[in-house]
């Protein structure tokens, strides 16, 4: 019996993302190990390398964000559904989380010095969520303002 399109099983978004990223790594002649993890109903795809520095060219925040967007589009093309996967290349997410933590601490110092509010630079929705969590942990309030690429976080004292 011939299988129909409705009989076919579509691989999950993590596997599709891994396939897409493996192809990109091959094209760029880079070695990388890909791990897939599901956390809180969101797929996390990590590209690492046992050789230090192999992925440096791909691990800057802007490049990771662009690769994440391309990977999401590739997955969406195959599944027909928006992919909310999160991509990490060479530990870039941890490095960026540390940078964001420092930004939050500087902003809080401004508030403690008498400023009414402190605005952070524009960032992705994932990064803004991390900032909101960090700000809340410090006992302050934060809100996102602006539209599109100008969307940023403003921190104020808790009311």
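Residue numbers (my numbering): 529 to 687. Ideal placement from N, C-alpha and C gives every residue a C-beta, glycine not left out.
Whole-angstrom C-beta distance between residue j and residue i, which should lie under 8 Å
i	j	result
residue 611	residue 603	4 Å
residue 669	residue 687	7 Å
residue 541	residue 571	5 Å
residue 583	residue 596	Their Cβ separation, rounded to whole angstroms, is 14 Å, which puts residue 583 and residue 596 out of contact at 8 Å.
residue 549	residue 573	7 Å
residue 606	residue 544	5 Å
Of the residues the options, the one placed nearest residue i, counting alpha carbons only
i	options	result
residue 591	546, 666, 624 and 542	624
residue 685	678, 564 and 671	671
residue 587	619, 544 and 572	619
residue 599	676, 666 and 552	552
residue 650	668, 675, 637 and 640	675
residue 638	617, 683, 543 and 563	683
residue 679	664, 666, 656 and 667	656
residue 566	636, 613, 547 and 626	613
residue 652	673, 665 and 666	673
Residues that residue i bridges to, as DSSP identifies them
i	result
residue 557	For residue 557, which the question treats as bridged, DSSP gives no partner whatsoever.
residue 615	573
residue 567	570
residue 682	647 and 671
residue 636	Answer is none; residue 636 lacks a bridge partner.
Beta-carbon gap between residue i and residue j smaller than 7 Å
i	j	result
residue 658	residue 632	no
Residue i Cβ short of 6 Å to the ligand NAD heavy atom set
i	result
residue 662	You won't find the ligand NAD in this model; it holds no ligand whatsoever.
Could you tell me whether the stretch 553 to 561 touches the stretch 578 to 585, using the rule of 3 or more Cβ pairs below 8 Å? By the Cβ test, the stretch 553 to 561 is in contact with the stretch 578 to 585, since at least three Cβ pairs between them sit closer than 8 Å.
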